[in-house]
Amino acid sequence: MSATLYLSANVEQSFSYVVRWLNQAMRHSAQDKKVVVLPHQEVAIRLRKILATEGGAFINIHFWTPEQLRSRFLQGESRTVGFPQRTIASREELHLILASVAGTFSASDKHVALLVRAVEENPAWLLRALDMLDGAGLQAEMFESLREIRSLVQDFSAMLEEQGLQTFSAADRLLASRKLATQFESLLIFGFHGGHWPLFPLLMAASRQTNHLEVVFDAPQDTSFDLDSSWIGTWETVLNIGTVPLRNSVTHEAASDRLQLYPEGLGEPDVQPCVEFLVEESILDLAQTIALKAAEFIGAGSESVAVVFPGYGSLSREVALALNELEIPHFDAIGHKYLGSSETPLWRRWCAFQKNRTVSQFVKFLAALSDYNDLIELLQVASAETLSQDISICTAFIRRWKKEKRLDAYMLLPESAAFAEFCDLVEKEFHRMSWWEQLECVQVRRKRFQQPGTLFLKRGVFLRWLEAALRNERRRRDPLGSHPYATLQLLRRDQAALCPWTHVILAGMNAGEWPEPTEESGAIPSDIIADFNRQIASANRSSQVEGPFGEGHLTATQLPCLGPYEKSISQKRDFQALCQVPLLVATTWLENDARPSIWFSQLFQQRHGRLPSRQDLRHMVSPKKKREPPWVKIEEVAAMRKARLDPTAPFGAWEFRANLPSPPLAVVDIERLLTEPAKVWMKVFLGVQCPKNQQQFSGTSTVGTWTHRWLRNVCLSGSGHFPDQTIRRQNIFSASEATRIMMEKACGDSGKTVTPRWIFMWRQARSFALQLSDQLEAFRGRFPFVATETSFQNVFVPPLESLIKGRWDLVLYGEERTPDQCGSFAGTSVFLIDYKTGKEPQLASILRDGTGIQLALYAYAALAWGAQRVDAAWLTPYATTQAIQLPFEELEKFQPIFATLGRMLRTGTFGMRGELRSEFAFRSPMPLATFAIPQDILETKWQLTHEFEFTRR
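So the sequence shown is residues 0 to 952, counted in numbering that gives the first Met the number 0.
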């Protein structure tokens, strides 16, 4: 085998040599198989474009990335006898196996047990360190931070082998250790540097499968000199040959002289580049400006334009959309991310429910289905009755309460099980749900494990793998962005740094993007990794050939680990290469106090001799007319905001006003007009309210529900006679005991016990019911007959001039009523009782704060039923002496309030009042996004609109 190592001065020179090599290879491509190995397919696209422009036909010339090269080698060796049949493990599979091993690992030492527990919860913490060690072919015990858990690492490696899986680094080392037959005539390796150390075994394995090997290196720059020079020196040592400078190449000393002109070693090309700076206020403005600048370059006849991004993000999407609007053909190597058909809201809610098996999550899942409203209501009632979000308790309660069988169809994953058992359960569930795509994916993925029954997992670990395995994230390009040979290319930083360009636009040079934050090293501190790499780099004094950087060139005694520091060096190297273009455009945005990156500042300092100030950046913002979406009329928005903030004007068209009469309202909603008019307005006129799956239930509301239900049993006989105190107490005891027994049985069915909180709330509700029942004894002498929970519908109330509906908790009569008198109080006097188990209402505030409106409306509804006289009272367990009564003569005091409320109902002008959200109370969220208004302005507008002044509770 003949081998040649070339050293070029810059990217342009190495690229030119590769083009010449391909031109020569095309002359004999029909007879001999030739391969070019390069880091990214985008570089191959650029080479194909040049060859196609020159009229060449690259038949039998292959452009392979390391992934493609590894796949072909493994596929070829799999047919060899004795070759281990192991598949490359994906990232989620490595996480799954490591978490499984950590979950079953037993450690006697407390500190080690905590580390193992941390690995089980977050396998990425250890896996990042193992990736670095695996890429360098090192053992965990070489680092002190991993010696304590080396047994765990050994078990992980053994389990990986048992499942028939391996890492890509292990596969590369296996290929490098085997004697492989020659597969192609000529091999050219191009574009690799010290940032590709983990690929060294694979590239060396490829170098032994060709008759003619050529490797092209770029001369190391100051920023990455040690890393790149040791990369080149190791190739020289392994192949026992020296590098050959390409024509017009330069030595390191000459290159370093030029680099001193750039701060922090940015590097300076042979021809001083022209640097422009573009600054915009927002990402959208910057994307438009970048697209226009690229169009300007293309219009000026540029040969190659690269818009370079640190990675996928909002700016890359906006630039691609802006180029589409300008109808400029380009190649979008980054593309637009989108989720496949399996990533549906229903699927995500199912995963959320399996992770957090609560009633609220299950209700959200059922809400995404159709025709499950009745089941949702049952679950919410069960949650309120049990004071629990535990799905097992609530479903057991529903089975005993309503004999509901539909809940049994939904599978709950166990807390822990074997991987094979988990897969069987989800396959059965996916089949029942008709999720065929997810079912097929799980069936394919589980076959990659040779012994799935030996992997024991917790539910959270399996769901984490399941979500990652089924995450069908894809990328697509717009039609105008699907031209690989276009002049304009949208690329990542590492892709663009390997090709020469005439114009480069560095997009979005903001802090945190340029340079991009490197991933933490995990279990091994980054400074330990840097020290280790310095120790393994030594001068190769035994080399027979003097290296390009002097006698005794750097070589690595073993592969280095690429930690955060080394990865940041690779980013600087790429940026240095991008700066060696004739025209460079640096861009940044200032939205939300965004700051330009240090690289932007260094370029600005090199150009202007000083660092940029905030004022400099503001001056560079190009003046342009603000753009508004075509569907927004900014004049209307401004008018709306001005009207809502005007304290001198009543509520207008923008403030919950319908100009339509309200339909019949429930009494509780009419009372809410004084505290939450906006929510009532949206419910009445828009049909919009807080979804039931988002409503919150408190223990206080459950206590009230129980109290009302048990008090319903004070009258069990059909005659309607008011029972005495002893019978009432017996009825309440029986009803409350039935509730307790139901709860105990539901907890027993689910293997749980009744919580102390539930017992406390239940006892409080029973105490309230008994106290309220005892207070009824004062009325039994005057009213021997009673009716509980009587409803009324569409009753006209003259003071309101509107229809209302509601329900009386308790109606007391002086005379017995016949069956034909149902629905009428004609000729009778009645006494209405309303139970209050919440905060005790004060007698002095019964009119002032609007609390008595509900009681007064009940009285007017009874008058509308024909009653001659109606008295009403609240019964509350907090009352010490007597009930808070509303005599018949006091109803006249409510006339001004009812006149105002009636006008609100007839005109549909409700307005807004109260807090949008409360920090210390259970409130349903606003169903629509609402512009917040200061409370003092709302109170002023309320008084101007509705005249009658209420004191807000």
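Positions of the beta carbon are idealized from the N, C-alpha and C atoms, including for glycine. Given the structure is predicted, the values throughout are model-derived calculations rather than measurements.
Give the C-beta separation of residue i and residue j to the nearest angstrom, bearing in mind that I take them to be a contact with Cβ-Cβ under 8 Å.
i	j	result
Ala381	Ile397	5 Å
Thr836	Gly703	4 Å
Phe189	Val17	5 Å
Gly901	Glu800	5 Å
Ser13	Asp217	6 Å
Ile60	Leu21	7 Å
Residue i lies in the alpha helix (DSSP H); which residues open and close that run?
i	result
Cys578	Neither: Cys578 is in no alpha helix (DSSP H) and is coded neither H nor E.
Thr242	No alpha helix (DSSP H) contains Thr242, which is instead part of the beta strand (DSSP E) from 242-244.
Tyr859	852-863
Ala956	In the structure as shown, the chain starts at 0 and stops at 952, and residue 956 therefore has no counterpart that could be examined.
Ala170	167-176
Phe493	Contrary to the premise, residue 493 reads as Asp rather than Phe in this sequence. Counting along the chain, the alpha helix (DSSP H) containing Asp493 begins and ends at 492-495.
Lys804	From DSSP, Lys804 is part of no alpha helix (DSSP H) but of the beta strand (DSSP E) over 801-812.
Pro902	Sequence check: residue 902 is Arg here, not Pro. Taken as a continuous stretch (DSSP letters only), the alpha helix (DSSP H) holding Arg902 covers 894-906.
Trp500	Premise fails: Trp500 is in no alpha helix (DSSP H) and is neither H nor E.
Lys109	109-120
Arg71	65-76
Thr836	Here Thr836 belongs to no alpha helix (DSSP H), and DSSP marks it neither H nor E.
Val725	This sequence places Thr at residue 725; Val is not what is there. Segment 724-748, the alpha helix (DSSP H) holding Thr725.
Cys422	418-431
Lys401	390-401
How would you call residue i, buried or exposed, if buried means at least 16 neighbouring beta carbons within 10 angstroms?
i	result
His607	exposed
Ile845	Here the model assigns Ile845 a pLDDT of 49, short of 50, so the residue's position is not dependable, and the following value carries that caveat. That one is buried.
Phe429	buried
His39	buried
Glu185	According to the sequence provided, residue 185 is Ser. The question's Glu does not apply to it. It is buried - the Cβ of Ser185 has at least 16 other Cβ atoms within 10 Å.
His707	buried
Tyr337	exposed
Trp954	With the chain represented from 0 up to 952, any question about residue 954 goes unanswered, as that position is not in the structure.
Arg431	exposed
Gln934	exposed
Glu635	exposed
Just the Cα atoms here: how many angstroms apart are residue i and residue j?
i	j	result
Pro876	Gln763	10 Å
Thr880	Asp773	For Thr880, the predicted model reports a pLDDT of 49, less than 50, meaning its position is unreliable and no value from the coordinates is stated.
Ala2	Ile535	26 Å
Asp227	His195	10 Å
Phe784	Asp723	11 Å
Arg445	Ala204	31 Å
Phe364	Leu411	13 Å
Leu943	Lys892	22 Å
Glu736	Asn372	30 Å
Tyr261	Gln575	Low confidence applies to Tyr261: its pLDDT is 33, below 50, so where it sits in the model is not reliable, and the reading given next is rough at best. If I take the Cα positions, the gap works out to 10 Å.
Gly910	Trp807	29 Å
Arg399	Glu143	59 Å
Ser99	Leu456	5 Å
Phe887	Thr701	32 Å
Arg765	Val810	22 Å
Ala319	Asp477	8 Å
Trp761	Leu710	14 Å
Ala863	Leu802	11 Å
Ala128	Ile528	10 Å
Grab the span of the beta strand (DSSP E) containing residue i for me, first residue to last.
i	result
Val304	304-308
Gln534	Unbroken run through Gln534 is the alpha helix (DSSP H), 525-535; no beta strand (DSSP E).
Val666	Note, Val666: premise wrong, no beta strand (DSSP E); alpha helix (DSSP H) at 666-671.
Ser1	1-7
Glu279	273-279
Glu788	784-796
Tyr337	335-338
Does chain C have any CB closer than 8 Å to the CB of residue i?
i	result
Gly134	No chain C is part of this structure, which consists of one protein chain only.
Three or more C-beta pairs below 8 Å linking the region 329-337 and the region 473-485: Output reads yes: the region 473-485 touches the region 329-337.
Sufficient close CB pairs (3 or more, under 8 Å) joining the region 572-592 to the region 273-284: The answer is yes - the region 273-284 touches the region 572-592, with three or more Cβ pairs under 8 Å.
At least 3 beta-carbon pairs within less than 8 Å: the region 57-77 vs the region 173-182: The region 57-77 is in contact with the region 173-182.
Any 3 or more C-beta pairs closer than 8 Å across the region 100-118 and the region 492-500: The region 100-118 is not in contact with the region 492-500.
Three CB pairs or more closer than 8 Å across the region 593-612 and the region 504-511: Contact check between the region 593-612 and the region 504-511: three or more CB pairs, one atom from each, fall below 8 Å, which counts as touching.
The region 449-467 touching the region 157-165, judged by at least three CB pairs closer than 8 Å: Put simply, the region 449-467 touches the region 157-165. At least three CB pairs are less than 8 Å apart.
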